[in-house]
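In this note's numbering, the protein residues as written are 3 to 476. Just so you know, even glycine gets a beta-carbon here, dropped at the ideal spot from N, CA and C.
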Amino acid sequence: MNGAVRRFRSLPLRSRLALLVATAVAVAVAASAAACWFIVRGALYDSLDDSLQQNRVSSGWVLQQVDGAQCRSSGPLLPDDVNPFKLSIQVINPQGVTCTLIGKGVAVAGSDIEVADGRSPKSLHNTRSEAGTEYRVLTYPLAGYKGAVSVARPLTEVNATLSDLTLVLALVAGAGVVGAGAAGLWVARTGLRPVDELTGAVEHVARTEDLTVRIPAEGDDEIARLSRSFNAMTAALASSQELQAQLIADAGHELRTPLTSLRTNIELLARSEETGRAIPPEDRRALLASVKAQMTELAALIGDLQELSRADETGGPGKVQVVALHTVVRTAIDRARLRGPELTVEAELAPWYVRAEAPALERAVVNVLDNAVKFSPPAGRVDVRLDRGELTVRDRGPGVPEEELPHVFDRFWRSPSARSLPGSGLGLSIVARTVQHCGGEVSLRRAEDGPGTVAVIRLPGAPTPPPGDPTTAR
Numbered sequence: 003m004n005g006a007v008r009r010f011r012s013l014p015l016r017s018r019l020a021l022l023v024a025t026a027v028a029v030a031v032a033a034s035a036a037a038c039w040f041i042v043r044g045a046l047y048d049s050l051d052d053s054l055q056q057n058r059v060s061s062g063w064v065l066q067q068v069d070g071a072q073c074r075s076s077g078p079l080l081p082d083d084v085n086p087f088k089l090s091i092q093v094i095n096p097q098g099v100t101c102t103l104i105g106k107g108v109a110v111a112g113s114d115i116e117v118a119d120g121r122s123p124k125s126l127h128n129t130r131s132e133a134g135t136e137y138r139v140l141t142y143p144l145a146g147y148k149g150a151v152s153v154a155r156p157l158t159e160v161n162a163t164l165s166d167l168t169l170v171l172a173l174v175a176g177a178g179v180v181g182a183g184a185a186g187l188w189v190a191r192t193g194l195r196p197v198d199e200l201t202g203a204v205e206h207v208a209r210t211e212d213l214t215v216r217i218p219a220e221g222d223d224e225i226a227r228l229s230r231s232f233n234a235m236t237a238a239l240a241s242s243q244e245l246q247a248q249l250i251a252d253a254g255h256e257l258r259t260p261l262t263s264l265r266t267n268i269e270l271l272a273r274s275e276e277t278g279r280a281i282p283p284e285d286r287r288a289l290l291a292s293v294k295a296q297m298t299e300l301a302a303l304i305g306d307l308q309e310l311s312r313a314d315e316t317g318g319p320g321k322v323q324v325v326a327l328h329t330v331v332r333t334a335i336d337r338a339r340l341r342g343p344e345l346t347v348e349a350e351l352a353p354w355y356v357r358a359e360a361p362a363l364e365r366a367v368v369n370v371l372d373n374a375v376k377f378s379p380p381a382g383r384v385d386v387r388l389d390r391g392e393l394t395v396r397d398r399g400p401g402v403p404e405e406e407l408p409h410v411f412d413r414f415w416r417s418p419s420a421r422s423l424p425g426s427g428l429g430l431s432i433v434a435r436t437v438q439h440c441g442g443e444v445s446l447r448r449a450e451d452g453p454g455t456v457a458v459i460r461l462p463g464a465p466t467p468p469p470g471d472p473t474t475a476r
């Protein structure tokens, strides 16, 4: 049994479906044929039994033909040529002795003797004659005589009809099974054609890494849903691959500038040492300061790339806990004041608690405030307001042109007017990624009441922390 199951499972899916369809149809046809055969057999037997009831003879006539256990005549009263239905009528006494009145004698069964001695009112069964012919027998009591009368009729016509019916049903069932097998194979081929296309597309993608392949998806069945899911998956993979390629290209472009400048400065210092020609102290200090600034910029860029790659790999934040957003903003404001001591930072913070990864959220808020500090004029003012989960940071800088606002959250995007300022162009991209992972929204717009930019972060949360939550980060 296990070997047959293993062999079945080793067959191609198309062959298994065709075999299952053929088997199911074969079972259905066989069950239908068997039911038809038994119904026809029952109807034929009922008709024959009704005929036997109609051929019952009167007790008076029978008594005239018998004397005790002996027949008055020496043989059947009717010859076979005037007995078209080949009837057999015989008398049975309680001892099982028979007297054949018409036709040929048939074997006596125990149920016939029970009718003859009065233990049973009637007997209806099959039996055989001395020549081996099968008969249908009706036995009933003989009034005025201790015995019974058996009326029998050959089953030749019934058996012949059943034999013909069996042959017809077998031919029909065989044709049905063959047709079912062909239909099953056709259905399997037609139904699995989308699967074949999907398999070919998957194999093509695995072989060529071509993610532009799409499968036609028609209808709402499971195959169409699978095709649409595959198309969505390849589209997402293609987009991810394109983003990765763009990230690598942009990262290479951004890294090239500080590395080139750093190499140039180091080569100047090395050539000075090799040739013995000293660089003037002021120029040497300027070179060293430039090297330090370039190293800082390079380290910041690498840190931003690591932050983005970590978010891409995990697909979401790390350890999530309840974070006091107002505390995070206050800490970021303190850091911003250190970076721009000449700036005035006005803060109005209402308590608000969110579920987030504390370090990532703090980095996002710091990036927003860093942008405000970077683009604010000397002795300018930055307004920070937190109210019911909406954090607003407003600076008085030059602002972002309307045509550039759709790109501010793209990786490595920097406004042409800001390319001379330090930065990697990844800060706002990290902010957008962190806020999205927290289930919030972030936007940037020009200020309506003067120059400057307004950054708005909305995060879901509550004004009070959950009671007894041990994960609250303050």
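Its chain contains Ser122 as the residues whose beta carbon lies nearer than 6 angstroms to that of Glu116, once the 5 sequence neighbours on both sides are disregarded; these appear in chain order. In the displayed model, Ile91 falls within a strand according to three-state DSSP. Per the C-alpha coordinates, the member of Thr394, Pro403, Pro453 and Pro469 positioned closest to Ser445 is Thr394.
By the neighbour-count definition (other C-beta atoms within 10 Å, threshold 16), Thr333 is an exposed residue. Leu213 has its alpha-carbon roughly 5 angstroms from the corresponding atom of Thr236. In the DSSP assignment, Arg337 falls within the alpha helix (DSSP H) that extends over Leu327 to Arg341.
The continuous stretches of alpha helix (DSSP H) do not include Thr214, and DSSP gives it neither H nor E. Nearest to Asn128 by alpha-carbon distance, out of Gly120, Asp119, Ala118 and Ser113, is Ser113.
Excluding sequence positions up to five before and after Ala28, its CB lies within less than 8 angstroms of the CB of Ala175, Gly178, Val179 and Ala182, all in the same chain and listed in chain order.
By the criterion of a C-beta distance shorter than 6 angstroms, Leu327 is surrounded in its chain by Trp354 and Val356, once the five residues flanking it on both sides are discounted. In the structure shown, the three-state DSSP call for Ile281 is coil. For Glu350, the enclosing beta strand (DSSP E) stretches over residues Thr346 to Leu351. In this structure the region 165-175 touches the region 23-42; the number of beta carbon pairs closer than 8 angstroms is three or more.
Counting the other CB atoms within 10 Å of its CB gives Pro196 a total of 16 or more, which places it among the buried residues. A straight line joining the alpha-carbon of Leu167 with that of Asn233 spans about 56 angstroms. Taking a 10 Å sphere around the C-beta of His439, we find 16 or more other C-beta atoms and assign the residue as buried. An exposed status is given to Leu261, since fewer than 16 other beta-carbon atoms sit within 10 Å of its beta-carbon. In the three-state DSSP reduction, Cys38 falls in the helix class (H, G or I).
If you draw a straight line from the Cα of Ala109 to the Cα of Ile91, it is about 12 angstroms long. By the Cβ rule, the region 150-160 does not count as touching the region 182-191, because fewer than three pairs are nearer than 8 angstroms. For the pair Arg287 and Leu271, the Cα-to-Cα distance works out to about 11 angstroms. Residue state for Asn267 is assigned as helix, using DSSP reduced to three classes. Beyond the five residues adjoining it in sequence on each side, Pro408 comes within less than 6 angstroms, by CB distance, of no other residue in the same chain. Scanning Gly105, Val139, Ala133 and Val93 for the CA closest to the CA of Asp52 turns up Val139. For Thr135, there is no enclosing beta strand (DSSP E), since its DSSP letter is neither H nor E.
For Thr466, no pairing in a beta bridge is given by DSSP.
Around the Cβ of Lys124, a 10 Å sphere holds fewer than 16 other Cβ atoms; the residue is exposed. For a cut-off of 8 angstroms, the C-beta gap from Arg460 to Glu350 is around 17 angstroms, too long to register as a contact. Put simply, the backbone Cα of Pro380 is about 12 angstroms away from that of Arg341. In the DSSP assignment, Asp385 falls within the beta strand (DSSP E) that extends over Arg383 to Asp389. Contact between the region 399-408 and the region 363-372 is absent: fewer than three C-beta pairs spanning the two stretches fall below 8 angstroms. Per DSSP, Asn57 lies in no beta strand (DSSP E) and is assigned neither H nor E. Distances from the CA of Glu220 to each of Ala240, Glu244 and Gly193 were compared; the closest alpha carbon is that of Gly193. The alpha-carbon separation between Ser165 and Val42 amounts to approximately 11 angstroms.
Cβ-Cβ distances below 8 angstroms link Gly107 to Ser90, Gln92, Thr100, Ser131 and Glu132 in the same chain, with the five nearest sequence neighbours on each side left out; the list follows chain order. Contact between Ala111 and Gly149 is absent: CB atoms are separated by about 15 angstroms, not below the 8 angstroms threshold.
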